[in-house]
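Engineer: Sharing a structure here in structure tokens format.
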Amino acid sequence: MKLDVIKLDGGKAGSINLNEALFGLEPRVDILHRVVRWQRNNAQAGTHKVKTRSEVSYSTKKIYRQKGTGGARHGARSAPIFRGGGVYKGPTPRSHGHDLPKKVRALGLKHALSAKAKAGELVVIDAAVSDGKTSALAKAVANLGWKRALIIDGAAVNENFAQAARNIEGLDILPTMGANVFDILKRDTLVITKAGLEALEARLK
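Just so you know, the sequence shown maps onto residues 267 to 471 in my numbering.
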């Protein structure tokens, strides 16, 4: 697959052949779903907690006599049936994460890249460099028509570019090792630098 390479100012910078093993697959929704679900579950805090019957602050004294009241038999105000009582089998802190084979994770990233390429939402730029000025980068991004874009750079992100992109709404930048299925699918446009392409091929070979 051949794709034009552009500069941040919109000018052309030649063309590049994309690796079919990364960008030429037929996207599979089931694999993408598995990887996104794995990501979101691992990101979930799992700190939800309620007080059980033994943790609520109530006296353990029997609330009224056993017989003769015409009501049900109760021993403590902390029973789950009462307002303010302990919760029965409520949520407790736990991990929501689960395992996913490395091969499936790598395959999910390949299918996410292929999905963007197939939809025509993939852009390759020469390099992601900037003088650190947000206004200049924001103008360039607006001229290119990127509203919700993810930029994937090489092993490290240019510090000035990251600083300039920090306050631009809808623009994210990640190094190659940070590239993931959820962030790629979440954005309308996927922008990869030439260094990012090389690093992705090395990572997913």
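Where is the CB? At the ideal position from N, CA and C, for every residue including glycine.
1) Just to confirm, are ALA422 and LEU298 a CB contact at a threshold of 8 Å?
2) Measuring only the C-alpha atoms, how far is ALA465 from ARG432?
3) Flag this pair as yes or no: are the beta carbons of ILE439 and ALA381 separated by less than 8 Å?
4) Taking all protein chains shown into account, decide if ARG453 is buried (16 or more other Cβ within 10 angstroms of its Cβ) or exposed.
5) Taking one C-beta from the region 343 to 350 and one from the region 320 to 332 each time, how about it: are there three or more such pairs within less than 8 Å?
6) Beta carbon of SER281, beta carbon of LYS268: below 8 Å?
7) From this set, ILE391, ASN424, LEU288, which residue's C-alpha is nearest LEU410's C-alpha?
8) Here's the rule I'm using: 16 or more other beta-carbon atoms within 10 Å means buried, otherwise exposed. How should THR459 be labelled?
9) Classify ASP419 as buried or exposed, calling it buried when 16 or more other Cβ atoms lie within 10 Å of its own Cβ.
10) For LYS278, which of helix, strand or coil comes out of DSSP?
11) Using C-beta distances below 7 Å, list every residue in its chain close to THR358, excluding the 5 sequence neighbours before and after it, in chain order.
12) In terms of alpha-carbon separation, which member of SER320, ALA372, GLY276 lies closest to LYS471?
Structural biologist: Taking the structure as given:
1) Numbered from 1 along the sequence shown, position 156 holds the residue referred to as residue 422. Numbered from 1 along the sequence shown, position 32 holds the residue referred to as residue 298. The answer is no: Cβ separation not under 8 Å.
2) Within the sequence shown, the letter at position 199 stands for residue 465. Within the sequence shown, the letter at position 166 stands for residue 432. Near 23 Å, if we compare the C-alpha coordinates of ARG432 and ALA465.
3) Residue mapping note: residue 439 aligns to position 173 of the sequence shown, counting from 1. Residue mapping note: residue 381 aligns to position 115 of the sequence shown, counting from 1. In this structure, the beta-carbon distance from ILE439 to ALA381 does not fall below 8 Å.
4) Mapped onto the sequence shown, residue 453 falls at position 187. When all chains shown are included, ARG453 counts as buried.
5) The region 343 to 350 makes contact with the region 320 to 332: 3 or more CB pairs, one atom from each, lie closer than 8 Å.
6) In the sequence shown, counting from the first residue as 1, residue 281 sits at position 15. In the sequence shown, counting from the first residue as 1, residue 268 sits at position 2. Between SER281 and LYS268, the gap from beta carbon to beta carbon is short of 8 Å.
7) Here the question's residue 410 lines up with position 144 in the sequence shown. For LEU410, the closest alpha carbon among the candidates ILE391, ASN424, LEU288 is that of ILE391.
8) The residue you call residue 459 lines up with position 193 of the sequence shown. By the 10 Å Cβ count, THR459 comes out buried.
9) Numbered from its first residue, the sequence shown carries residue 419 at position 153. Label assigned to ASP419: buried.
10) Locating residue 278 in the sequence shown gives position 12, counting from the first residue. In the three-state reduction of the DSSP assignment, LYS278 falls in the strand class.
11) Along the sequence shown, read from residue 1 onward, the residue named residue 358 stands at position 92. Result list for THR358: LYS315, in chain order.
12) As a first step, residue 471 must be located in the sequence shown, where it is residue number 205. The shortest C-alpha separation from LYS471 is found at ALA372.
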